[in-house]
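In our numbering, the protein residues as written are -15 to 215.
A virtual CB, placed ideally from N, CA and C, is assigned to each residue, including glycine.
Structure record follows, encoded as structure tokens.
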């Protein structure tokens, strides 16, 4: 007979009791896991230069809040650095196109017109796009002055004053449609400036035409009797 007692495997009831005792003895963490802060899409310029952590607060982040550094951002809050870089590239490209347009206008205009353009550049406080729009107003007014009813080369001007001709409504309608189409592309401030300049040109044209009519009216009428040859 063996001196050792045979050990039988534990039954189902003993296994469940052992498992419950083990779970009770193991402490469970009751504190929640720390919440992670959302990643900042774009950091401010000073934090990027210092390579420090930036929380992206606006207008001043936490790192720049003491006032030691001037907190500035290169992009909008909802833009990634790549998207902000693309937007800045597009803005610079558009600005270069405006400078090229100003250079083209200065090259193609006469000396007096170029001086007037430089004068506008010094006097105006608007951006480059509005400046180019204002410069192009002169070209538009020249087109309007020769459109529909303007005197073409070779047209004869009567030497005697005549009654005013009725207005060509179709020509005025066409010119107004052209003006409205052009103004639809302008900003509100440019629309006001354009109308003011257009009115100044129209007033100048009216004054010139009134002077011409008065000068023609003061001329003596030519004799219409038969001319006899000298003996």
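Could you give the first and the last residue of the continuous alpha helix (DSSP H) run that contains residue i?
{"i": "residue 77", "result": "65 to 92"}
{"i": "residue 107", "result": "95 to 107"}
{"i": "residue -11", "result": "Element bounds for residue -11: n/a, residue is neither H nor E."}
{"i": "residue 45", "result": "First-last for residue 45: undefined, no H or E at that position."}
{"i": "residue 30", "result": "29 to 34"}
Count the other CB atoms within 10 Å of the CB of residue i; is the residue buried (16 or more) or exposed (fewer)?
{"i": "residue 176", "result": "exposed"}
{"i": "residue 209", "result": "Its pLDDT being 49, under 50, residue 209 is placed unreliably by the model, and the measurement read from it follows with that caveat. That one is exposed."}
{"i": "residue 178", "result": "buried"}
{"i": "residue 174", "result": "buried"}
{"i": "residue 190", "result": "exposed"}
{"i": "residue 119", "result": "buried"}
{"i": "residue 139", "result": "Low per-residue confidence applies at residue 139: pLDDT is 44, beneath 50, and the placement is therefore not dependable enough to give any value."}
Between the Cα of residue i and those of the options, spot the shortest distance and give me the residue it belongs to.
{"i": "residue 115", "options": "85, 187 and 66", "result": "85"}
{"i": "residue 28", "options": "-11, -10 and 68", "result": "68"}
{"i": "residue 55", "options": "63, 40, 65 and 64", "result": "40"}
{"i": "residue 277", "options": "30, 73, 26 and 88", "result": "Outside the modelled stretch of the chain, which goes from -15 to 215, sits residue 277, for which no answer is possible."}
{"i": "residue 59", "options": "50, 71, 52 and 49", "result": "71"}
Quick one: residues in its chain with C-beta nearer than 6 Å to the C-beta of residue i, no 5 flanking neighbours on either side, listed in chain order?
{"i": "residue 36", "result": "47"}
{"i": "residue 57", "result": "28"}
At a cut-off of 7 Å, is residue i close to the ligand COA when judged by its beta-carbon and the heavy atoms of the ligand?
{"i": "residue 93", "result": "This structure lacks the ligand COA; in fact it carries no ligand of any kind."}
Rounded to whole angstroms, how far is the Cβ of residue i from the Cβ of residue j, which I believe are closer than 8 Å?
{"i": "residue 76", "j": "residue 117", "result": "That belief does not hold up - the Cβ atoms of residue 76 and residue 117 are roughly 20 Å apart, past 8 Å."}
Could you name the residues of the same chain whose beta carbon sits closer than 8 Å to that of residue i, not counting the 5 residues immediately before and after it, in chain order?
{"i": "residue 112", "result": "79, 82, 83 and 86"}
{"i": "residue 43", "result": "55"}
{"i": "residue 104", "result": "115, 118 and 119"}
{"i": "residue -9", "result": "none"}
Return the chain-ordered list of same chain residues with a C-beta closer than 7 Å to the C-beta of residue i, the five sequence neighbours on each side being excluded.
{"i": "residue 220", "result": "The chain is shown from -15 up to 215; residue 220 falls before or after that span and cannot be answered."}
{"i": "residue 98", "result": "90"}
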